[in-house]
Structures are given as C-alpha cells and as structure tokens.
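Position in the sequence shown (from 1) plus 418 gives the number in this note's numbering. By construction, the Cβ of each residue, glycine as well, lies at the ideal position given by its N, Cα and C atoms.
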Amino acid sequence: MSRSAECQAQASVNPAKRCDAGPVAEPEAESVLGRAVHPSTKFETPWTWSGCIIGCSYLLLLVVTAFLNATFVLWPLTLLCWTRILSIRSCRSVFRFLEDKYFAMLSGYLEFVGGVKIVMTGDEELQFDPQEHVLLICNHRSEVDWIFFWNLALRLNVHDRIRVMMKSIIRYAPGVGWTMMLLQYPYINRNWATDQDRLTKVIQSYKDVDMGTWLAMFPEGTALYDKTLKKSHKFAEKQGEARWNYVLQPRVKGFELCMDKMDPDYVVDLTVAYPELMEGVRPSPVRFVRGQFPTEVHKHVQRYHRSTLTKHKDHMGQWCVWSVIVLLECFSDEISG
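This is the structure we're talking about:
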C-alpha cells in the first residue's frame, strides 16, 4: 500500500487522526524538493513575444468580457431584482447561463491556446445534482490556483455555479472584481469579527434560492511563499504542533463556519500540483501575462458525502487539518521517493 493510500485508509476510520507522516525535514534550496518549496526567478526560461501576445490576449479576454457583462447585463439585472421586477431565481438563472459560457471560454483558452494540460486523479468521474451545495477546499501553492478551478468544474459540468472566497482587494479590480461582487463572491478582510458576519450572510443568500452552489476556499488563507512558510512554522512551534514544508497551517475558523452555515451535501477535497515547481518555477500572474502558462496542472480530487462527515461534526477543524496537511505531505513524500 502506498503512503498516500495508508493516509486515506486512516481517514476512513478517523479523519481527525494524523497519519505517521511526521514533520518533513527542511529541504535543501538546490534540491528538487527544495526548489519546489523555495522557487526562484533564476530557474525561469526567457519570455517570448509570441507568448506575450497569447498572455495579453487572455488578460484582455478576461477583463474586457467581464467589464461588458458587469456593465450591460449584471448591473441592470441586479437593479431589476432589487426593485422586484425580476425574481431572484430568474436573475440567478440568467447569471448561470452567462457564467456557463464565460468560464467555458476562459478554460478552453487556457487549454487549447495556452497549451495547459489538466491531469486528473482520484475521484475523476463524479456526478452532482444541480440542487446540491458543495464546499470545495484546496491547497494554495500560487496566486493563480483559483483560475484553474473552472477547468476542473468544466469536467464536472458545474462551472456555472462556483463562488471563490477572495481577498477584499480583488473587488476593486476593473471588470473582474465588479463581476465577482455582483455574482456574490464572498470577499474577506482577514478580520474575523467582520468576515464572520459577511460569510454568514453570503452563504444564506446561496441557500435562499433553490439552486446548488459550490463555495471554494483555501483553508491556508494565503499562498505558500518563503515569508508565509516561516510564519506558519513559528505558529506551529508556538502551538506545539508539527512543522510542514509543503502546506501552511490551515485556518479552520472559516472552514468550520462554512460547514455549519452551509451544511453542504458534499465536501470536495482538491489537491493542486504544478510539475514546474519541482524545477523551481512558480506559476504567477506575471508569467500569465507573458504567456508562460503552466504546462501541466495536476488535480487530485476526493469527495466526502455529508453522511460520512456528520460523525466528525464536533471536530471539523481537525478533519480540515488532516485533509489539507497530512494527505498532501504523504503525497509529496510519495512523489519524492
């Protein structure tokens, strides 16, 4: 049995129990795993003009179409909804139709024009009812992880209903930020006093309409960088917990709130990996603009039904720690050796 398989077997008995992965030794900066943990621009290949044209075209497609949708469709429909000329359900149905086309277009561009290959493992062929609410949790290796959610969702035919938990600064991004705000993406400030109330209201708005929603979040709260990894190590030492090198310590308050208020039919545990990280190259918005998209994005998917999580309701935070940290650490150990 492989190391990750052992971890999964332990989870079926007690998800809150950590497998015998143990804290991983600090990788040396020039080793293969060291480059994955501490990528550097010195490992990157030069950009090309043809790549820049492809990257800038993607950015224009993303921003301009979002701006046009927000200005000429989403705002007018939202006003009609506020004045009760249109029902909330009718408004959401139009939104879903537009999201279906918009995100299919962006995902297709990345794969067919940008040359990104999506590699799926785990529970690859899943079916979801249109009325089901799903909480998606994912590790956070780069600032562009969320963009590839729709490539996964497109394969599951749910790309018209994903809402990603984003930093509040994103709402001010022309076109994209406005569109996400109108589509009720939950924006957070990392201030629990205000975020708790905002998340509760947004989740309730999803449940008020008889239409399934996928809420995606990063329990780590931020992407893994040298600075954030050091902070995570200090926090772990302060709490007397193990240090991890491939993932930050999850912030479980938000996860527990989402589980409580949303009461999802399923939790989908997504692990994202980029082979280029093993070469010391980190995907980033700058590389996207240059047309240097990841050559491959690996996605490992596991689905947990509500019935399997009910018995762990009193320690969902511990379950989150297991699912985010231990499985990823075991997976990384298996890859390395």
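Three or more beta-carbon pairs drawn from the region 541-559 and the region 631-640 are found closer than 8 Å, and the two stretches are therefore classed as touching. Distances from the alpha-carbon of F636 to those of K671, E543, Q710 put K671 closest. Cβ-Cβ separation between L666 and L642: approximately 6 Å, consistent with a contact (criterion under 8 Å). DSSP lists K717 as the beta-bridge partner residues of V690. For V699, there is no enclosing alpha helix (DSSP H), since its DSSP letter is neither H nor E. The alpha carbon of L477 has as its nearest neighbour, out of V594, N569, S505, Y590, the alpha carbon of V594.
It is roughly 5 Å from the alpha-carbon of R724 to the alpha-carbon of Y684. Nearest C-alpha to L544 among V531, M599, A571, L528: A571.
Rounded to the nearest whole angstrom, the CA to CA distance from P682 to Q549 is 11 Å. In the DSSP assignment, K648 falls within the alpha helix (DSSP H) that extends over 644-657. In this structure, the straight-line span from the alpha carbon of G526 to that of I536 is close to 11 Å.
Counting only runs of 3+ residues, no beta strand (DSSP E) is found wholly inside the region 450-535. Judged by DSSP in its simplified three-state form, G540 adopts strand. V482 and W596 have their C-alpha atoms spaced approximately 12 Å apart. Comparing alpha carbon positions, the residue from R510, M677, G698, M523 closest to T459 is G698.
Three or more Cβ pairs closer than 8 Å define a contact, and the region 562-577 meets that threshold against the region 515-533. Of the other Cβ atoms in all chains shown, 16 or more fall within 10 Å of the Cβ of G709; this residue is therefore buried.
Counted as a single uninterrupted DSSP element, the beta strand (DSSP E) harbouring L554 occupies residues 552-556. By the C-beta density criterion, F490 is exposed, having fewer than 16 other C-beta atoms within 10 angstroms. Boundaries for I587: no alpha helix (DSSP H) harbours it, and the DSSP string shows neither H nor E there. The beta carbons of C509 and L495 sit about 5 Å from each other, so the pair counts as a contact at 8 Å. DSSP places L633 in no alpha helix (DSSP H) but in the uninterrupted beta strand (DSSP E) bounded by 632-635. In the structure shown, V704 adopts helical secondary structure according to DSSP, grouped into three states. For I580, the enclosing beta strand (DSSP E) has its first and last residue at 580-582. When C-alpha distances from H558 are compared across G532, A660, I580, P701, the shortest belongs to P701. Contact check for L498 against L504 passes: the beta carbons are separated by less than 7 Å.
By the Cβ-count criterion, Y590 is exposed, with fewer than 16 other Cβ atoms from all chains shown falling within 10 Å of its own Cβ. Checking the DSSP bridge columns, you'll see Y605 partnered with M584. Annotated three-state conformation of V665 is coil, per DSSP. In the structure shown, V685 adopts extended strand secondary structure according to DSSP, grouped into three states.
K717 counts as buried, since no fewer than 16 other beta carbons sit within 10 angstroms of its beta carbon. Under the DSSP definition of a beta bridge, H723 partners with Y684. Your pair Q602 and V620 checks out as a contact, with CB atoms roughly 6 Å apart and the cut at 8 Å.
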